[in-house]
Ligand code: HEM
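Numbering (the numbering used here), first residue to last: 38 to 464.
Take a look at the structure:
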């Protein structure tokens, strides 16, 4: 069979490309691609000995810097929402969770992106490394801004890193932006202030901390009693040793002066009150009012984890490219300096990671009082303020009073414990 005759296209240029002659901005203009796509200056090419991989090296760094810009944009917006109300308006928690989640996804991408540059071999890198000296990621202003805005404290940086400002010596704008980021409240400080206001911490109210202390004492007493009831001397000595370790650990959180000493030594970050809030949110995360705050705390840990993962992936790549004996182009010891930034000193939300140390088995979690449960259970249709008139038809309202909802909760608890098979609710 003959192939079909090629058809002559007779449409006018305008029909082919209807937007071609239209006024207004097009894709390239809107995104200013002329600027972005003309910014890949290969020094090896200018020197008439083009090294293929220099292009990838430049594009990768530029892509990082663009994403850093977005990270700062999101981070600033979250800090702004937190500081708007000297705390946090609860109606905005979802927006914060949304933006933190976006940050998490970007950081995940950034940690994984390292692999693309690893397709370059050390020999290829060596071919053009001399051109970039003394440029180094150590001079990335945006990276320092991210660290500071998250809450990285100067005193927690390792020695070489404490001097990070000197590389911006002549760049007034960079110095100004960094000085601002060191002074403004960081995300960690804003979160700390928010945690300090966790409902239920009030001593003259639910007094969570008072109850927590009592229950820790009761739990430790059972450990002690079990140790003393040991059948053999060696078992007793082992169990008493274990009990003493646990006691010392709980004392470090129960006694504010020990906690403050640990903060001063850089081993803890949050104030004692904020730590109490974080523990409380973790215990009662299933209560509606605490579920978003709990998600928020989890996302903060994800952010810290992913920054650490980026540091780790980057240091592995550096070792692969320049080994562990070469100095960095930025003047550090290279691999050894970068490896020292992998420690807990660089975790901004360190306390959230260590929170599990202070959690209690469920049976020791202080039960919520009815008032506290009502406070944390703003069911749809349930009004805390009885003076507010309900305008929705009653029949579509879910459970309206806490007593009823407790009954349902108890029924589900009984089902979960295997006492009944199915929960039936009236109406
Ligand atoms: C071949 C690839 C790379 C090598 C060999 C390399 C090497 C190094 C070295 C040795 C340092 C320590 C400072 C110094 O220069 O003395 C450093 C720091 C740094 N690099 Fe890279 N790097 C590479 C790719 C990247 C990429 C793709 C980024 C993305 C932005 C990046 C960002 C940074 C940052 C932000 C620092 C400062 C880290 C800190 O002080 O905690 N690097 N790099």
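C-beta atoms are modelled at their ideal positions from N, C-alpha and C, and glycine is treated no differently.
Which of the three DSSP states, helix, strand or coil, is assigned to residue i?
i: residue 92; result: helix
i: residue 285; result: helix
i: residue 342; result: helix
i: residue 83; result: helix
i: residue 361; result: coil
i: residue 314; result: helix
i: residue 203; result: helix
i: residue 191; result: helix
i: residue 402; result: coil
i: residue 322; result: coil
i: residue 196; result: helix
i: residue 214; result: helix
i: residue 385; result: coil
i: residue 157; result: coil
Under 6 Å Cβ to Cβ from residue i, same chain only, skipping five residues before and after it: list those, please.
i: residue 277; result: 264
i: residue 144; result: 343
i: residue 401; result: 252 and 256
i: residue 512; result: For residue 512 there is no data in the structure shown, the boundaries of the chain being 38 and 464.
i: residue 367; result: 173 and 175
i: residue 177; result: none
Taking the Cβ atom as the reference point for each residue, do residue i and residue j lie within a distance shorter than 8 Å?
i: residue 158; j: residue 333; result: no
i: residue 118; j: residue 132; result: yes
i: residue 154; j: residue 87; result: no
i: residue 321; j: residue 387; result: no
i: residue 162; j: residue 365; result: no
i: residue 471; j: residue 69; result: Residue 471 falls outside the range modelled here, since the chain spans only 38 to 464, and no answer is possible.
i: residue 112; j: residue 227; result: no
i: residue 137; j: residue 396; result: no
i: residue 186; j: residue 230; result: no
i: residue 307; j: residue 202; result: no
i: residue 283; j: residue 257; result: yes
i: residue 179; j: residue 53; result: no
i: residue 350; j: residue 148; result: yes
i: residue 403; j: residue 245; result: yes
i: residue 249; j: residue 280; result: no
Spatial neighbours of residue i within its chain, please: CB distance less than 8 Å, with the 5 preceding and 5 following residues excluded, ordered by chain position.
i: residue 439; result: Any answer about residue 439 is weak, because its pLDDT of 39 lies below 50 and its placement is not dependable; what the coordinates show is given next. Within the same chain, residue 439 has close Cβ partners 407, 410, 411, 414 and 419.
i: residue 345; result: 379, 383 and 384
i: residue 146; result: 104
i: residue 156; result: 93
i: residue 221; result: 116 and 186
i: residue 191; result: 199 and 219
i: residue 150; result: 97, 100 and 101
i: residue 355; result: 365, 371, 372 and 375
Answer yes or no: the CB of residue i versus the heavy atoms of ligand 3, is any distance below 7 Å?
i: residue 133; result: Here the bound small molecules are ligand 1; ligand 3 is not part of this structure.
Shorter than 8 Å from the beta carbon of residue i to some beta carbon of chain B?
i: residue 388; result: In the displayed structure, chain B is absent; only one protein chain is listed.
Cutting at 7 Å between CB atoms, please list the residues of its own chain near residue i, excluding the five before and the five after it.
i: residue 299; result: 289 and 305
i: residue 363; result: 371
i: residue 114; result: 136
i: residue 376; result: 352
i: residue 431; result: Reliability of the predicted coordinates at residue 431 is poor, the pLDDT of 38 falling under 50, and the value obtained from them is presented with this limitation in mind. Nothing listed; no residue qualifies.
| message | Check whether the stretch 321 to 341 and the stretch 156 to 171 are in contact - that is, three or more C-beta pairs closer than 8 Å. | response | With the cut-off at 8 Å, the stretch 321 to 341 and the stretch 156 to 171 do not touch.
| Cβ contact (3+ pairs, closer than 8 Å) linking the stretch 319 to 329 and the stretch 407 to 414 | Yes, since at least three Cβ pairs between the stretch 319 to 329 and the stretch 407 to 414 fall closer than 8 Å, the two stretches touch.
| said: Residues around ligand 1, please: the ones whose beta-carbon is closer than 6 Å to some heavy atom of it, in chain order. | reply: Near ligand 1, meaning a beta-carbon closer than 6 Å to one of its heavy atoms, we find 97, 98, 101, 154, 162, 173, 174, 175, 177, 180, 198, 351, 354, 355, 358, 359, 365, 366, 367, 368, 369, 371, 374, 375 and 378.
| Is there contact between the stretch 234 to 246 and the stretch 304 to 315, where contact requires at least three CB pairs shorter than 8 Å? | With the cut-off at 8 Å, the stretch 234 to 246 and the stretch 304 to 315 touch.
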